[in-house]
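Engineer: Chains A and B are the protein sequences, given in the same order. Oh and the first sequence: position 75 is 75 in the working numbering, straight run, nothing missing. Each number in the working numbering corresponds to the 1-based position in the second sequence with 1000 added. Here you go, one structure.
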Amino acid sequence: MTGPPLLETRGLTMRFGGVTAVAGADFTLGPGELRCLIGPNGAGKSTFFKCLTGQLRPTEGEILFDGESLVGEEPHSIARRGISIKTQVPSLFDGLSVAENLRLAAARTRNRAETRAAVDEIVGLVGLADRADSIASQLPHGQRQWLELGLVLACDPRLMLLDEPTAGMTKQEVARTAGIIREIGRDRAMIVVEHDMQFIQMIAHRVTVFHQGRILAEDTMDNILADEQVRDVYLGKQAGAGRERSDA
Amino acid sequence: MSRNALGLWTMGVLSLVLVFGVPAIVETFALIDFTLFIAMAILSLSLAFVWGFGGILCFGQSAFFGLGAYTYAVAVINMGESTVPILLGILLPVILALVLGYFMFYGRVSDVYLAVITLAVSLVFYYLIGASAGEEYKIGSARLGGYNGMPSVPPINVPGNPSAAVEYEALYVPAAVLLAVVYFGLRALLASDFGRVLVSIRENEARTELLGYDARRIKTVALAIGAGIAGLSGVLFCAWGAYVSPTVFSLVFTAQIIMWILVGGLGTLTGAILGCVLIQYLATWLGETKIADVNIVLGAIFVAIVLLVPSGFVPMFARLGDTLMRRRGEAGS
Ligand SMILES: Nc1ncnc2c1ncn2[C@@H]1O[C@H](COP(=O)(O)OP(=O)(O)OP(=O)(O)O)[C@@H](O)[C@H]1O
Ligand SMILES: [Mg+2]
């Protein structure tokens, strides 16, 4: 890797009573890098994201973004530093229209005219141009995911965290999402949590495997697929699940 | 014309009628009653904003109202001229709200506790001021008077001219103008970026914060704006009756404000005014005619509305209007 990392965690740990969801994760992401994060259910991926965004305060460890510590910062100030998240369960303003949702996200850093331009651009980018006036709660699941992707994008972040962006999508929608992510990933860093291996192969360069709150492996997709240890904890079970879903 | 624009025009015309039309037709005696309704409607608007749009369940709006009333009373008794006392009657509740908001929102107190805390603040005022009956409880030359309250509070005067009192029916027009200013001011605020973000916090606070907005600060400011408006209402109330007592901090009174909002419909400003005037009018009428006990009737109405029209009257009629307009549109096409 060239230059200092954009994001670095050292010994990051999150305990809930007796459960250790993240157990001393040492993670590094370079500027502009697109990384996929995989791991079985309960591996601690979402908890890891919640620590990065300030929704949870880690029990131990350090988070450095651009060399500065994020531990103990409020979610809104982390967002202002340039980290934006698409949560696992889509989190939208359900009573507002698609355009109004995007406007809220875009308006914080832009004036009226810029906001309007940004909303127009993003609504097209995430494929919702003809649904701009639809109320968010009435969108089908796949489009809700895209809307949230749009919200994240409207913040113009330096680092995007996407937690299962294709969950519940049809095959065509998954392919389209991969296109969107490749497009927006060109000029910003991104961490994508996914279970769908085909999707990961469409977008990923490097893949990090989480297991029981720790980083088990980190390599290219092909090497990860060949890794015995990874197969054991994850792929054997998950590849079956992946087939089931693509049939549906 | 959109429904929003239609509503704005309707309310504009209604305000003109309220300010210029009503005094021309209504007799003096009724005008004095109306002034009270207007003061209360301003209070109702303050909670409609804080609760209906900010999602802040403030059960102690009466604390800000009462503090405004008492501040005005104490200050005007000491100063003789009403301009500064009016401003203080707005400012002190704002400061109280900023302090409370700081502890509640920055301390991430949950909604239920927030309701309990604000209610408790109001009741603390009730008992504290109630216990101030002795001679020694004076602020300057103003005796607090315990549960007997403070009588003979001087009226509002033309700014700079203490001998030109604005009292009895003369208070009506300024009060009506203030109601219109508060109403349209709140509408403008809600249409601004601040208002949009405030409503988005009500809709989804976690998401709003993840977008980079500081929900704690925005909610504190909203509470303070509501407190200032409630304080203004308290000033009007106190000047209207030349009197204030700890009942303004009582549980019954603070519950009534909540009832106005629920009757008119949570999440509408117009509803807050209608609900307030409707209930007040009914209470006055029942009190005069003695047909039935006021509290029993109001209690029964309240239960009926919560069970039968849980969204309140204004949203119900708005929906009805939309349905009718759509039908007519379909028939026409
Ligand atoms: N707020 C919480 N309180 C207690 N335990 C929690 C909490 N949040 C997560 N956990 C536990 O932490 C572990 C990690 O959960 P997490 O949601 O981070 O996993 P994940 O990798 O995102 O899984 P999935 O793939 O199913 O989304 C799980 O055992 C979960 O039950
Ligand atoms: Mg998860």
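Think of the CB as a built atom: it goes at the ideal place given N, C-alpha and C, for glycine as much as any other residue.
Does A/D133 come within less than 9 Å of chain B when only Cβ atoms are used?
Structural biologist: Not closer than 9 Å to any Cβ of chain B, the Cβ of A/D133 fails to qualify, so no.
Engineer: Is there at least one Cβ from chain B nearer than 9 Å to A/Q143's Cβ?
Structural biologist: Taking Cβ atoms only, chain B never reaches closer than 9 Å to A/Q143, which makes this a no.
Engineer: If contact means a Cβ-Cβ distance below 9 Å, which residues of the region 1077-1108 of chain B contact chain A?
Structural biologist: So nothing in the stretch comes that close.
Engineer: Answer with yes or no whether the minimum CB distance from B/R1196 to chain A is below 9 Å.
Structural biologist: Taking Cβ atoms only, chain A reaches closer than 9 Å to B/R1196, which makes this a yes.
Engineer: With a cut-off of 9 Å, does the C-beta of A/Q138 fall near any C-beta of chain B?
Structural biologist: Answer no: the Cβ-Cβ gap between A/Q138 and chain B never drops below 9 Å.
Engineer: Considering only the beta carbon of each residue, do A/A106 and A/V119 sit closer than 9 Å?
Structural biologist: Yes, the pair counts as a contact, with Cβ atoms nearer than the cut-off.
Engineer: Starting from B/V1166, follow the beta strand (DSSP E) in both directions and report where the run begins and ends.
Structural biologist: N1161 to V1166 is the extent of the beta strand (DSSP E) around B/V1166.
Engineer: Tell me, please, which residues DSSP counts as bridged to A/V193.
Structural biologist: Beta-bridge pairing links A/V193 to A/L37 and A/D163.
Engineer: B/D1214 versus chain A: which residues are under 7 Å apart at the beta carbon?
Structural biologist: Those within 7 Å of B/D1214 in chain A are H76.
Engineer: Are the region 1059-1071 of chain B and the region 1224-1235 of chain B touching, with three or more C-beta to C-beta distances below 8 Å?
Structural biologist: These segments touch.
Engineer: Kindly list the residues whose CB is nearer than 7 Å to the CB of B/V1303, restricted to its own chain and excluding five residues on each side of it in sequence; keep chain order.
Structural biologist: Taken in chain order, the list of residues that qualify is empty.
Engineer: At 9 Å on the CB atoms, spell out the chain B contacts of A/T47, in chain order.
Structural biologist: Correct list: empty, because the minimum Cβ distance to chain B is about 15 Å.
Engineer: Under 8 Å Cβ-Cβ, which residues of chain A neighbour B/D1193?
Structural biologist: What B/D1193 touches in chain A: A107.
Engineer: Count the other C-beta atoms from every protein chain shown that fall within 10 angstroms of the C-beta of A/Q229, then say buried if there are 16 or more, exposed otherwise.
Structural biologist: The residue is exposed, with fewer than 16 neighbouring Cβ atoms inside 10 Å.
Engineer: Can you list, in chain order, the residues of its chain with a C-beta nearer than 6 Å to that of B/T1236? Leave out the 5 residues immediately preceding and following it.
Structural biologist: Here residue 1236 of chain B turns out to be Leu, not Thr, going by the sequence shown. Here the set comprises A1039 and A1175.
Engineer: For B/S1335 and chain A, any beta-carbon pair shorter than 9 Å?
Structural biologist: Beyond the ends of chain B as shown, which are 1001 and 1333, falls residue 1335 of chain B; an answer cannot be given.
Engineer: Just to confirm before moving on: does the CB-CB distance between B/G1265 and B/C1276 stay below 9 Å?
Structural biologist: Not in contact: B/G1265 and B/C1276 (Cβ atoms no closer than 9 Å).
Engineer: Compare the C-beta of A/G150 against all C-beta atoms of chain B and say whether one is closer than 9 Å.
Structural biologist: A/G150 does not count as touching chain B.
Engineer: Could you tell me which of B/S1152, B/Y1213, B/G1145 and B/A1206 sits nearest to B/C1238, measuring between CA atoms?
Structural biologist: It is B/S1152.
Engineer: Closer than 8 Å to a non-hydrogen atom of ligand 1 - does that hold for the CB of A/T9?
Structural biologist: No, ligand 1 has no heavy atom inside 8 Å of this Cβ.
Engineer: Grab me the residues of B/L1114's own chain with a C-beta within less than 8 Å of its C-beta, minus the 5 sequence neighbours each way, in chain order.
Structural biologist: Excluding positions up to five away in sequence, the list reads I1056, L1057, C1058 and M1104.
Engineer: Is there at least one Cβ from chain B nearer than 9 Å to A/E68's Cβ?
Structural biologist: Chain B, which has no Cβ nearer than 9 Å to the Cβ of A/E68, makes this no.
Engineer: Grouping DSSP H, G and I as helix and E and B as strand, with all else coil, what is A/H211?
Structural biologist: Three-state DSSP puts A/H211 in a strand.
Engineer: Nearest to B/W1051 by CA position, among B/P1155, B/F1125, B/I1032 and B/K1219, is which residue?
Structural biologist: The option with the nearest alpha carbon to B/W1051 is B/K1219.
Engineer: For A/D26, name the three-state secondary structure that DSSP assigns.
Structural biologist: A/D26: strand per DSSP, three-state reduction.
Engineer: With respect to 8 Å, is the separation between the Cβ of A/E194 and the closest non-hydrogen atom of ligand 2 below this value?
Structural biologist: Checking every heavy atom of ligand 2 against the Cβ of A/E194, none is found closer than 8 Å.
Engineer: Taking the alpha carbon of A/M221 as the point to measure from, which residue in A/E173, A/Q201 and A/A21 has its own alpha carbon closest?
Structural biologist: Per the Cα distances, A/Q201.
Engineer: Just mark B/E1209 as buried or exposed, buried being the case when its beta carbon has 16 or more other beta carbons within 10 Å.
Structural biologist: B/E1209 is buried by the Cβ-count criterion.
Engineer: So, for A/S69: in the same chain, excluding its five sequence neighbours on each side, which residues have a beta-carbon less than 8 Å away from its beta-carbon?
Structural biologist: Excluding residues within five positions, the ones whose Cβ falls inside 8 Å are E62 and I63.
Engineer: In chain order, which continuous runs of the beta strand (DSSP E) of length 3 or greater are located wholly inside the region 75-163 of chain A?
Structural biologist: Segments of the beta strand (DSSP E) lying fully in the region 75-163 of chain A: 83-86 and 159-163.
Engineer: Quick one: is A/N101 buried, meaning 16 or more other Cβ sit within 10 Å of its Cβ, or exposed?
Structural biologist: Buried, since its Cβ has 16 or more Cβ neighbours within 10 Å.
Engineer: Check each residue's C-beta against every heavy atom of ligand 1 and list, in chain order, those closer than 6 Å.
Structural biologist: Cβ atoms closer than 6 Å to ligand 1 belong to A/F16, A/V19, A/A21, A/G39, A/N41, A/G42, A/A43, A/G44, A/K45, A/S46, A/T47 and A/Q88.
Engineer: For the alpha helix (DSSP H) that B/E1205 lies in, which residues bound it at each end?
Structural biologist: From DSSP, the alpha helix (DSSP H) with B/E1205 extends over E1205 to L1210.
Engineer: How about A/S84: is its C-beta nearer than 9 Å to some C-beta of chain B?
Structural biologist: For A/S84, the answer is yes, since a Cβ of chain B falls inside 9 Å of its Cβ.
Engineer: Figure out for me which residue from B/S1015, B/G1007 and B/S1002 has the closest Cα to the Cα of B/V1177.
Structural biologist: Comparing Cα-Cα distances from B/V1177 to each of B/S1015, B/G1007 and B/S1002, the minimum goes to B/S1015.
Engineer: Output the distance between the C-alpha atoms of B/V1112 and A/A178, rounded to the nearest integer angstrom.
Structural biologist: One C-alpha to the other measures close to 43 Å.
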